[in-house]
Structure formats: structure tokens, C-alpha cells
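Comments concern the structure below.
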Amino acid sequence: MPEINLVPEETRKSEDLDKLRSKVTLASVAILVLTAVGAIVTLAFFAYFVSQRGLLEEKREKASATINQYKSAEELLVVTKDKASVADRLVQSRVDFLKFYGTLVEIIPQRVFFTTISVGREGVDFSGKAGSSADIAGLVSALTSARGSEIVSSVVVNSLVADETREYSFSISAQLVE
Amino acid sequence: MNLSTLAMPKVKDGQDLSGIIGVVIPIGGIVISILIAALIIWPKVNEILELRTNNEQLRGTVQTLEQKAGILSGLDQIKLEEQLVAAEQLLPSDSNAFSVLRQVEDTANTTGVLLSKIEVITGSFGGGGAAAGAGTSVSGASPELNLAPAVEIRLSLTSDYQSLLGFISGLYSFSRVASIDSLSVSAGGGDEGLLSTSFAVNAHWKQLPQNLGSIEASVENLTSAEEELLANVKSPQRTESAPVPPVATGRGNPFNPY
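As given, the protein sequences belong to chains A and B, one line each in that order. To convert, note that position 142 of the first sequence is 142 in my numbering; the numbers rise steadily by one, no gaps. Positions in the second sequence are counted from 1; adding 178 to them yields my numbering.
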């Protein structure tokens, strides 16, 4: 049996229209309020950032004026700093030959002498003679000791030749410690 | 009874119109809101974001400038001028090879080494041109030459051990920064204990900066090590660059031996 609806169709349509109208009105009001709030907040932020920018510009102008006032001092500082920093790095990076020889003469055995010593960043080459194999051992031991490691590393004996007097000719290479 | 077939009174046209208007107005409000959001709020939001980024950059710039202004306002002009003079002695603005030669000769005389050969390797004498510096810094691969060009003076000398150390110490005591890349020492073989030594001295120089850069370019104060180095230029242990002495000029015959 079909459902009996006693409300007239026109009245139903009118009620539906009223519901729709009230929903749309509500949505419209909500969106309008949101838009208004959004606009106010946006404008407030905009005004804040603009004022910040103004303050920063003012500070920049002030600092620029101070810098321009000390232009000659800046020139002096820039030139001095440029030269002094490079000079300092040069002094720090140059090979300290006095320290090298100062340490070397302290640690080498007494019955060892050198015929050639070449010192450079690419390496250190020692050539010389030693009174006995023990002296050579003493030399290598000295070069690899804690004190010797202050001046050389990676010590390698390239050649070791003894003559009939048991005097040893040696060639040793190493890396310079800077 | 069939209710659906009952005749009902018709809705008036005026009621229909007011109903439609009642819906259209809120919809219009929504459309206007969307238009405001799209045409006013959204562009402003973009402007705000851009402003914020610009302000951040500007804040960084201001900080740099204020820091720079602080450093500059705290400088002592007279002390700086003295330091500049010292810096110019450490690293002259031109190669000035003759002054170094003079210093090397003087140091050799005072330490008692016998200079058997002096060879100056430089692009151009006396000039401060870039060519001179470039020529020397490219040929050498040492880190010193990458920092500053140098006049290279190759020396061969004969001396005893102590004199050699004194000579090297003297070279390192120049007011002008000098470095030695490698040092080769050979025993002479005789009983005198004479040594033959060969090495190259690099006497460094550096051109003055061509410009200061922008106002926003940061400046740095001298470090304590740099200040000490500059102060030491005037110390008694340092050998100041020797002026090249004037020589008598004028000859009748340029081919006559002197």
C-alpha cells in the first residue's frame, strides 16, 4: 500500500526551499565572517611587515652612514688584514729548518755522519756513513723515536753497504713532519 | 479517497520570487567573499611572504653592517697606520728583487757564508705587475706560492755548519716574509767541515687590493697572531729590508772593463 502523505506538495517544496535558504544564508554568513577575519589578519600582518621593513631600512641607513664615516679606517684595515693574514699563513707554513737540524743533531748517534741531507716537502733524503751496524740501528731507532717523529716520518732505509772496515754507507729517506 | 488527485491552491508568483531572492543573496555573498579572498587576500598573502623573505635578508644585511660599523668605530687610526707600514714590510706591494738581493748579500756577509752562486728567477724586475707574480706562482707548486707570488732567488753557498744555520736564521728574520722550499746540504769531504748548500729563497710580495668591495662586505679585525707578527717587524731580531745603495754613474767608453 503506498505511503500516505497528507502535506500538500507545494507546502513541502516551500519548506525545502526555506531549509535550503537558511543553510545557504548560514554558509554565506560564515564565509563572510571568515573572509572578513582573514582580510583583517592579512592586512595586520602586512602592516606589521611593512613597519618592520621601515625599521630595518632605517637601521641600514644609520649603519651605512657610520661605515662611510670610517671609510679611511676601513681602507687601512682591509689592506693591513689582507697582507697580515697572508704573511701569517706564510710564516706558519714555511719549513722550520732550524728546528729540523736542532732535533737531528740531538738524536743521531755519535758514530754517524751525513754526506748529504736534502730536506723538502716532497721528502727528506739522508746519505752518510756509520761506524757500525749498531750505529745504523741507533740512527733508524732515533729517527723513528718520539723525538725523531717530531721531524720525520715513514723512515725507509734505501741502501746499506759496508766496506772491509765495516764502515756502513747508508741512504735513508723519510717524510718531513711540518 | 485518492489524495494525490486532490486539487490544491497554486503558489503565488511573488512567493516564488522572494524565495529565489532569499537564496540568491547569500549565494552572492559567498561569491563576493570568494572574490575578495582571490583578488585581495591571496595577493596580499603572497606580498606578505615576499616581504617576510626580504625582511629576513635585510635583517642579515643590517646585522652585517652594524657589526662592521662596530668594528670600524673601535679602530685606532694611528695604530692602523703603523700596522700598515709593518704589513708593507712583511709583504711589499711589488717584487722589489734588488732589496732582497741586498739583504741576502748582507746576511751572507754577517754570517760568514760564501755565496758561490746567486740566481734570481723573476718575471720582471722592480715592477709590481701581475705578470711577475703570475710567472713565479705558476712555476712553483708550493703552498706558499699559492698564497702570494714571490721573487725566487736560487743560492749555492759554502760554509761551516754553524754559519749555515746562522744564514738560514737570518733569512727567516727578514722583515719581508721569505720561505725556503727545500734545502740540500752536502759535506765538502775535506777536514775543514765545509758544507755545500743549495736552495731557493722565495721572497714574497702581494699587490694592494684593487677595491674595497661593497659597503656590505664584511671586515675582520686582525687576529692576535697577526698583530704579534706586525709588532715583531720592528723588533731588533728582525732585519729590515735594506735600501739599495746608489752607485756612481757615467762612463766614457761603455765597452771598457770596469
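By construction, the Cβ of each residue, glycine as well, lies at the ideal position given by its N, Cα and C atoms.
With the criterion set as a beta carbon lying under 7 Å from some beta carbon of chain A, the members of the region 338 to 364 of chain B are LEU343, ILE346, SER347, VAL355, SER357, ILE358, ASP359, SER360, LEU361, SER362, VAL363, SER364, in sequence order. The C-beta of B:TRP220 has fewer than 16 other C-beta atoms within 10 Å across all chains shown, which makes the residue exposed. Cβ atoms of B:LEU269 and B:LYS412 stay farther apart than 8 Å, at about 16 Å. Our two residues, B:GLY366 and A:VAL119, have alpha carbons roughly 18 Å apart in a direct line. Secondary structure note for A:ASN158: it is in no alpha helix (DSSP H), and the uninterrupted beta strand (DSSP E) holding it is 152 to 162. Identification of chain B residues near A:VAL177 by a Cβ-Cβ cut-off of 8 Å yields none; the smallest Cβ-Cβ distance measures about 15 Å. Residue B:SER334 holds the alpha-carbon nearest to the alpha-carbon of B:SER294 among B:THR242, B:SER334, B:GLN388.
When only Cα atoms are considered, B:PHE377 and A:VAL105 end up about 21 Å apart. Runs of the beta strand (DSSP E) spanning 3 or more residues and lying entirely within the region 100 to 155 of chain A occur at 112 to 120, 123 to 130, in chain order.
Annotation for A:GLN175: the continuous beta strand (DSSP E) segment containing it runs 168 to 176.
Sorting A:GLY131, A:ILE107, A:LEU55 by C-alpha distance to the C-alpha of A:ALA162 places A:GLY131 at the top. Look at B:ARG332: its C-beta is not under 8 Å from any C-beta on chain A.
For B:ASN399, there is no enclosing alpha helix (DSSP H), since its DSSP letter is neither H nor E. In the structure shown, A:THR165 falls within a coil segment according to DSSP collapsed to helix, strand and coil. Taking 8 Å as the CB threshold, A:LEU143 stays off the interface with chain B. In the three-state scheme derived from DSSP, where H, G and I count as helix and E and B as strand, B:ASP254 is classed as coil. Chain-ordered, the chain A residues with CB closer than 9 Å to the CB of B:LYS222 read ALA39, THR42, LEU43, PHE45, PHE46.
Take A:LEU160, set aside five residues on each side of it, and the residues of its chain with a beta-carbon closer than 7 Å to its own are ILE136, TYR168, PHE170, in chain order. Here B:ALA328 is bridged, per DSSP, to B:HIS382.
Residues of chain B with a Cβ closer than 8 Å to the Cβ of A:TYR70 are, in chain order, ALA247, LEU250, SER251, LEU253.
In the structure shown, the three-state DSSP call for B:ALA409 is helix. In the three-state scheme derived from DSSP, where H, G and I count as helix and E and B as strand, B:VAL425 is classed as coil. Contact with chain B is found for A:GLU74, since one of that chain's Cβ atoms lies less than 8 Å from the residue's Cβ. Counting along the chain, A:ILE67 sits inside the alpha helix (DSSP H) bounded by residues 9 to 69. Rounded to whole angstroms, A:ILE172 and B:VAL282 show a C-alpha spacing of 32 Å. Taking C-beta atoms as the reference points, B:ILE214 and A:ALA39 count as a pair closer than 8 Å. Bridge pairing for B:LYS295: B:SER334 [DSSP]. B:VAL355 sits in coil when the DSSP states are folded into three classes, being neither helix nor strand. B:ALA275: member of the alpha helix (DSSP H) spanning 275 to 289, first to last residue. For B:SER341, the enclosing alpha helix (DSSP H) starts and ends at 339 to 350.
Excluding residues up to 5 positions away in sequence, THR115, THR116, SER171 lie with their Cβ nearer than 6 Å to the Cβ of A:SER127 in the same chain.
One finds nothing in chain A with a Cβ atom closer than 7 Å to the Cβ of B:PRO327; even the nearest lies about 11 Å away. Note: B:VAL363 is bridge-paired with A:ILE117, B:THR375 in the DSSP secondary-structure output. Taking 8 Å as the threshold, the shortest C-beta distance from A:SER169 to chain B does not fall below it.
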